[in-house]
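Novice:
Residue numbers (the UniProt record's numbering): 1 to 251.
1. Assuming residue 80 and residue 62 make a contact with CB atoms under 8 Å, what is their CB distance in whole Å?
2. Grouping DSSP H, G and I as helix and E and B as strand, with all else coil, what is residue 217?
3. Looking only at its own chain, which residues have a Cβ that is under 6 Å from the Cβ of residue 253, when we skip the five neighbours before and after it?
4. For residue 18, count the other beta carbons within 10 Å of its own beta carbon; 16 or more makes it buried, fewer makes it exposed. Which is it?
5. Assign residue 243 to one of three DSSP states: helix, strand, or coil.
6. Is DSSP giving residue 140 helix, strand or coil here?
7. Enumerate in chain order the residues of its own chain whose CB-to-CB distance from residue 237 is below 8 Å, with the five nearest sequence positions on each side excluded.
8. Nearest to residue 176 by alpha carbon, out of 136, 191 and 147?
9. Considering only the alpha carbon of each residue, which of 9, 224, 24 and 187 lies closest to residue 76?
10. Considering only the beta carbon of each residue, do residue 122 and residue 153 sit closer than 8 Å?
11. Counting Cβ pairs closer than 8 Å, one from the segment 99 to 118 and one from the segment 144 to 163, do we hit at least three?
12. If you draw a straight line from the alpha carbon of residue 125 to that of residue 74, how long is it in whole angstroms?
13. When burial is assigned at 16 or more other CB atoms within 10 Å of the CB, is residue 142 buried or exposed?
14. Can you give me the Cβ contacts of residue 129 inside the same chain, cut-off strictly under 7 Å, excluding the 5 residues immediately before and after it?
15. Tell me which residue opens and which closes the alpha helix (DSSP H) that residue 168 is part of.
16. Which word fits residue 131, buried or exposed, when buried means at least 16 other C-beta atoms lie within 10 angstroms of its C-beta?
17. Nearest to residue 119 by CA position, among 24, 242, 211 and 91, is which residue?
18. Pick helix, strand or coil for residue 238, following the three-state DSSP scheme.
19. Anyone know if the C-beta pair for residue 219 and residue 21 falls short of 8 Å?
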């Protein structure tokens, strides 16, 4: 029997890429999944994949930058399944790509709203629920290698992901004694619609040669890291940012 049988996992940005892969893996390991996204078509495709494989999933359209949506997301999770055990705050956008001096204020605010405020709101409402339950839990936030190194022309994205790591540390410290662990992941170039947006095409082909391992990552590899960080067997890990980038930032 899977160690996650009977557990409840909440995932944002589950309509594709890393979010979809992680939702599917949680379900495969026996968790009941609440999959959320603003992209409803992608979300329904994720749900179909989970159900076809025999998993249990509930879908919900959620804009993570809207607190009413986020509060409803957690409330729906609890009203549907009775509890919350794991949360993966993964929703994010690349946003406009331009030199800092040419970045429009509206573009800056949109990226910060989704990538940073969205994680803040997720943590706020998820942590409240976990505190109410008093049974511990694990939360993973999606940062990026752009959360640990600088990247030209994506100032808002880079700032937002640095901020996610800071939020992760604060949340971990505030809730450590309650048995709630909060960690971040920092993916490098992962084959997904988002990274294709960075490169304007096929990221795997355009970027594989500059990766030390000679390829870009797979969403399924990142999903394995998320579930590892949720596992009770690693209960001493909290407040950390795990880089998964094929060695790129080791250079």
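All residues carry an ideal CB built from backbone N, CA and C; glycine is no exception.
Specialist: According to the structure data:
1. That pair is no contact at about 14 Å.
2. When secondary structure is reduced to three states using DSSP, residue 217 falls in the strand class.
3. There is simply no residue 253 to check, as the chain begins at 1 and stops at 251 in what is shown.
4. Buried, because 16 or more other Cβ atoms sit within 10 Å of the Cβ of residue 18.
5. Three-state result, residue 243: strand.
6. If DSSP states are grouped into helix, strand and coil, residue 140 belongs with the strands.
7. Within the same chain, residue 237 has close Cβ partners 181, 183 and 229.
8. The residue with the shortest Cα to Cα distance from residue 176 is 136.
9. In terms of Cα proximity to residue 76, the closest of 9, 224, 24 and 187 is 9.
10. No, the Cβ-Cβ distance between residue 122 and residue 153 is not below 8 Å.
11. They touch, by the three-pair rule.
12. Roughly 7 Å between the two C-alpha positions.
13. Counting other Cβ atoms within 10 Å of its Cβ, residue 142 reaches 16 or more and is therefore classed as buried.
14. 74, 78 and 84, listed in sequence order.
15. Start and end: 155 to 175.
16. Its Cβ having fewer than 16 others within 10 Å, residue 131 is exposed.
17. It is 91.
18. Under the three-state reduction of DSSP, residue 238 is assigned to coil, being neither helix nor strand.
19. Yes, the pair counts as a contact, with Cβ atoms nearer than the cut-off.
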